[in-house]
């Protein structure tokens, strides 16, 4: 059975969620949202439709070789293991804790060191992205627990049940401040005096870079997945990424994205998951958890503010200072592991080719074969092994 969701039709059976093109036009999105799109947004969407190839993504927008798997520093073995079974999504059995950080109350999943791991007081904070919630970090929590870490995964600011920003701020600076404050709050709550690690996926990665650049002494290591450092500046060097990022432009349209996200019980979320991680057979419990998060309060509006505020600041910088250069941004001193999925339909893996230029400290980039944007959930064992290996180095 296939269910049309405006952009694509996808198989509802767990055996296949590969999207097929419906020769979509911007007019279909306008019908879904009830809005008349601006000419600029229409142009951007027209360039990305019809979505006639893998998961509806035009081949020109994908990585040159989505099956290729390499480690850019060549000191880690390529990811060649077969795909792992879906292990992410169910949060049953995981404890929760409320942490006060940066003036907000964060609801967090928490996992303590496993029984056979040596607890040395190490801690990790794991930050999710969009469209997602804290449950996406369950595989990472498991890996860190086995390595002896106390690990927490907060719902990001504005994602219920975490508090919304009282001042309406969802800037990169605020996210970075949240991250460093959460590290301190976790250490205080669980009496951790060992290493501190920050892990981020998607928007969580953006927060991780911001925290590391502003307060490198707040953490000992970082792991960032799916988004490279200095992403906005890289758009001038990789113009194809502007097409992959069509949704960021669409999210600037007043009112329309809110309606699109809520349309038909958040089918748009499933569309993005399928588009960004082709072939991922995610569990129903995982996607329903995320839909439930977005259905609570004003989570939709808050999540969209992330995109609106970063685009607003980027456009202001462009007008006042001209196109940004990746080499002009603050460098990061914290040792880092960066992870990208070779089949990411959202952010091209080639944007990680020069990621080490953002770091003064050691930086290793791992491309995960047969995985897309949500590689930590698609290949949980492989990514978990690499994270533990990085922490032992």
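Numbering (full-length UniProt numbering), first residue to last: 1 to 393.
Positions of the beta carbon are idealized from the N, C-alpha and C atoms, including for glycine.
#1: What's the gap between the Cα of residue 95 and the Cα of residue 169?
#2: Comparing C-alpha positions only, which one of 235, 368 and 293 sits nearest to residue 261?
#3: For the segment 120–135 and the segment 170–189, state whether three or more C-beta atom pairs, one from each stretch, are separated by less than 8 Å.
#4: Look at the alpha carbon of residue 264 and the alpha carbon of residue 201, and state the distance between them as a whole number of angstroms.
#5: Comparing C-alpha positions only, which one of 197, 338 and 110 sits nearest to residue 357?
#6: Ordered along the chain, which non-local residues of its own chain (more than five positions away) have a Cβ less than 8 Å from that of residue 352?
#7: Cutting at 7 Å between CB atoms, please list the residues of its own chain near residue 257, excluding the five before and the five after it.
#8: At which residue ranges does the segment 137–185 contain complete beta strand (DSSP E) runs of 3 or more residues, listed in the order of the chain?
#9: State the Cα-Cα distance for the pair residue 198 and residue 171, rounded to the nearest angstrom.
#10: Using the rule of at least 16 other Cβ atoms within 10 Å of the residue's Cβ for burial, across every protein chain shown, is residue 105 buried or exposed?
#11: Roughly how many angstroms separate the alpha carbons of residue 214 and residue 310, rounded to a whole number?
#12: Which term fits residue 298, buried or exposed, when burial requires 16 or more other beta carbons within 10 angstroms of its beta carbon?
#13: With burial defined as no fewer than 16 other Cβ atoms inside 10 Å of the residue's Cβ, what is the status of residue 133: buried or exposed?
#14: My understanding is that residue 147 touches residue 391, with C-beta atoms under 8 Å, so please give their C-beta distance in whole angstroms.
#15: Can the beta-carbon of residue 109 be found closer than 8 Å to that of residue 187?
#16: What are the boundary residues of the beta strand (DSSP E) that includes residue 127?
#17: Please work out which residues of its chain come closer than 7 Å, Cβ to Cβ, to residue 100, disregarding the five sequence neighbours upstream and downstream, and give them in chain order.
#18: At 4 residues or longer, and completely inside the segment 201–286: list those alpha helix (DSSP H) runs for me, N to C.
#19: Pull up the distance between the alpha-carbon of residue 178 and that of residue 208, whole angstroms please.
#20: Once DSSP output is grouped into helix, strand and coil, what is the label at residue 334?
Taking the geometry as given:
#1: Approximately 29 Å between the Cα atoms of the pair.
#2: 293
#3: yes
#4: 27 Å
#5: 338
#6: 72, 228, 338, 340, 365 and 367
#7: 250, 251 and 304
#8: 150–154
#9: 18 Å
#10: Here residue 105 is exposed, its C-beta having fewer than 16 other C-beta atoms within 10 Å.
#11: So the two alpha carbons sit approximately 17 Å from each other.
#12: Exposed: under 16 other Cβ atoms inside 10 Å.
#13: buried
#14: 6 Å
#15: no
#16: 123–127
#17: Counting only Cβ-Cβ distances below 7 Å, and skipping sequence neighbours, we find 185.
#18: Runs of the alpha helix (DSSP H) spanning 4 or more residues and lying entirely within the segment 201–286 occur at 203–214, 231–234, 240–244, 246–250, 256–262 and 267–276, in chain order.
#19: 10 Å
#20: Three-state result, residue 334: coil.
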